[in-house]
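Per the numbering used here, numbering of the sequence shown is gapless, rising by one per residue and ending at 359.
What follows is a single structure, written as structure tokens, with notes after it.
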Amino acid sequence: MLYHLLYPLHTDLIVFNVFRYITFRAICGALTAFLIVLVLGPAFIRTMRRFQIGQVVRDDGPATHLAKQGVPTMGGLLILSAIFIGTLLWARLDNTLVWLCLFITLFYGFIGGIDDFRKIKKKNSKGLSARGKLILQVIGASVVGCFIFFTPGFDGHLSFPFLKNIRPDLGWFYVVFAVVVIIGASNAVNLTDGLDGLAAGPTVVTAAVYLVFCYLAGHVVLAEYLQIPHVPGSGELSIFCAAIFGACLGFLWFNAYPAQMFMGDVGSLALGGAIGSIAIIIKQEFLLAIVGGIFVLETLSVIMQVGYFKLTNGKRIFLMAPFHHHFEKKGWHEPKVVVRFWIVSIILGLLAIATLKLR
Ligand code: 57M
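Shown next as structure tokens:
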């Protein structure tokens with residue numbers, strides 16, 4: 001919004017020319033989102049406590065988690081508020097890709113919010129049924145997939161890290177592929193969000209990497225030089241990524257061990273849906289498997305555990321899935337598991353950036 005209000009003034013005051021630069025507005029978007037969460041965090045936590053919106057901890061998890069009963073949750077409401085304010089203030093509002101990302105973030109946040117609210121308000125409720133959650137996720141992801149596929153200038157071509165000349169065209173099947181990526185990313189972040197800071201940390205890294213890729217994809221000269229798909233208008237998504245980066249960094253201030261609040265499904269499903277959509281829009285879907293490797297590992301651990309359990313009538317590969325619980329069961333303290341997962345996430349983020357030159 002500020003771009004539209006202040007950039008036109010640059011003819012009178014040259015200082016306002018700075019608003020034309022995506023880099024400037026991305027930094028401001030990150031700082032805005034970060035400060036919103038940091039400043040409003042304590043009041044939000046007090047409010048959640050007053051309304052008794054606290055975590056219901058299952059008794060079949062690690063014993064150390066029982067002490068987390070009642071920790072304020074649905075911190076995702078604060079994260080999403082900061083993302084929306086940071087984006088609406090600093091991104092260009094005449095960019096349809098920005099509105100598409102805000103839509104999917106809000107829609108998936110709505111799905112998660114219903115799930116959270118049901119689990120909190122009806123103590124033994126398991127929230128939204130898996131089927132109901134999936135149907136809603138498919139609807140939301142289909143909007144993004146169809147928008148991308150049927151918008152002039154976009155197409156059904158895939159792109160791969162390291163392989164610049166392999167661009168298979170999926171045709172209309174790209175919509176199905178997009179739905180799988182967005183739902184997969186959303187549920188992967190959701191599964192990962194099982195330890196203090198474990199989801200927010202890798203999300204900060206992923207948002208930072210996609211901030212760079214959105215900027216490059218939106219820059220016709222740089223995209224051609226780096227041989228990545230040029231996606232007109234995607235540069236503005238850097239500001240959306242920056243707002244996610246700032247909001248999750250601010251959330252980590254309160255979610256770091258021992259957590260003062262959890263993000264809830266309202267946060268995890270929304271953040272995963274946003275990241276999956278960004279990956280689809282700038283045609284960097286497989287990059288997500290690299291930078292989001294922690295999310296992939298966590299999801300694969302569950303698939304392997306459940307599959308092996310069913311195949312062997314009760315045997316397990318891991319002491320407990322998702323993967324983070326396996327290390328807890330091995331005796332690693334929670335902060336050690338989380339910080340080591342953060343380290344791996346940062347290394348994967350650097351590798352993802354390196355794919356720009358390794359092609
Ligand atoms: C999402 N939610 C956390 C919090 C957070 C199929 C199966 C793998 C599903 C999976 C599951 O239930 N996943 C749901 C994970 C929960 O966190 C809440 O949920 C939100 C995110 N969706 O924001 O509101 C618990 O995680 C802990 N937590 C923290 N710090 C945080 O910052 O400590 C969360 C955020 C919170 C808190 O204890 O209560 C969760 O774990 O449920 N199931 C599991 O993950 C379970 N695994 C399991 O059953 N494994 C089996 C089979 C099915 C694979 C096996 O290994 O044999 C584990 N989780 C629980 N109990 N709660 C272990 C059992």
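Glycine included, every Cβ here is placed at the ideal spot set by N, Cα and C.
In the structure shown, residue 169 adopts extended strand secondary structure according to DSSP, grouped into three states. In this structure, residue 282 lies away from residue 345, with their beta-carbon atoms at least 8 Å apart. With distances taken between CA atoms, residue 343 lies nearest to 206 out of 227, 300 and 206.
The Cβ atoms of residue 324 and residue 337 lie closer than 8 Å to each other.
The straight-line gap separating the alpha-carbon atoms of residue 52 and residue 76 is approximately 16 Å.
Taking every protein chain shown into account, the CB of residue 263 has 16 or more other CB atoms within 10 angstroms, so this residue is buried.
Secondary structure note for residue 141: its alpha helix (DSSP H) is the uninterrupted segment 130 to 150. Residue range 334 to 354 is occupied by the alpha helix (DSSP H) that includes residue 341. DSSP places residue 273 in the helix class (H, G or I) of the three-state scheme.
At the C-beta level, residue 256 and residue 196 come within 8 Å of one another. The DSSP assignment places 293 to 311 and 323 to 329 as complete runs of the alpha helix (DSSP H) inside the region 289 to 340, in order along the chain (cut-off: 4 residues).
Just so you know, the alpha carbons of residue 17 and residue 331 end up roughly 55 Å apart.
Annotation for residue 3: the continuous alpha helix (DSSP H) segment containing it runs 2 to 6. DSSP, reduced to helix, strand and coil, places residue 10 within a helical segment of the structure shown. Checking the DSSP bridge columns, you'll see residue 72 partnered with 54. The three-state secondary structure of residue 195, taken from DSSP, is coil. Residue pairing by DSSP places residue 163 opposite 160 in a beta bridge. Around the beta-carbon of residue 261, 16 or more other beta-carbon atoms lie within 10 Å, marking it buried. Per DSSP, the unbroken alpha helix (DSSP H) holding residue 204 starts and ends at 200 to 217.
Per the Cβ contact rule, the region 169 to 186 is in contact with the region 262 to 279 (3 or more Cβ pairs under 8 Å).
DSSP, reduced to helix, strand and coil, places residue 77 within a helical segment of the structure shown.
Taking a cut-off of 8 Å for Cβ pairs, the region 78 to 94 and the region 26 to 40 touch, as three or more such pairs fall below it. Not one heavy atom of ligand 1 sits closer than 7 Å to the Cβ of residue 333.
A distance of 8 Å or more separates the beta carbons of residue 98 and residue 105. Contact annotation: the region 293 to 308 does not touch the region 103 to 122, with fewer than three C-beta pairs closer than 8 Å. Residue nearest to residue 241 within the set 46, 32, 321 and 224 is 32 (criterion: CA-CA distance). Of the heavy atoms belonging to ligand 1, none sits nearer than 7 Å to the Cβ of residue 48.
In the assembly as shown, residue 68 is a buried residue. Its beta-carbon has 16 or more other beta-carbons within 10 Å.
With a cut-off of 7 Å, the C-beta of residue 73 is classified as near ligand 1, since at least one heavy atom of the ligand falls inside that distance.
Judged by their CB atoms, residue 161 and residue 38 are not nearer to each other than the 8 Å cut-off. Residue 190 and residue 117 have their C-alpha atoms roughly 16 Å apart. In terms of Cβ geometry, residue 194 and residue 252 do not form a close pair [threshold 8 Å].
Under the three-state reduction of DSSP, residue 125 is assigned to coil, being neither helix nor strand. Closest by C-alpha distance to residue 54, out of 329, 265, 280 and 355, is 265. In the three-state scheme derived from DSSP, where H, G and I count as helix and E and B as strand, residue 17 is classed as helix.
Excluding the 5 residues flanking it on each side, residue 326 has same chain C-beta neighbours closer than 8 Å at 301, 318, 319 and 320, in chain order.
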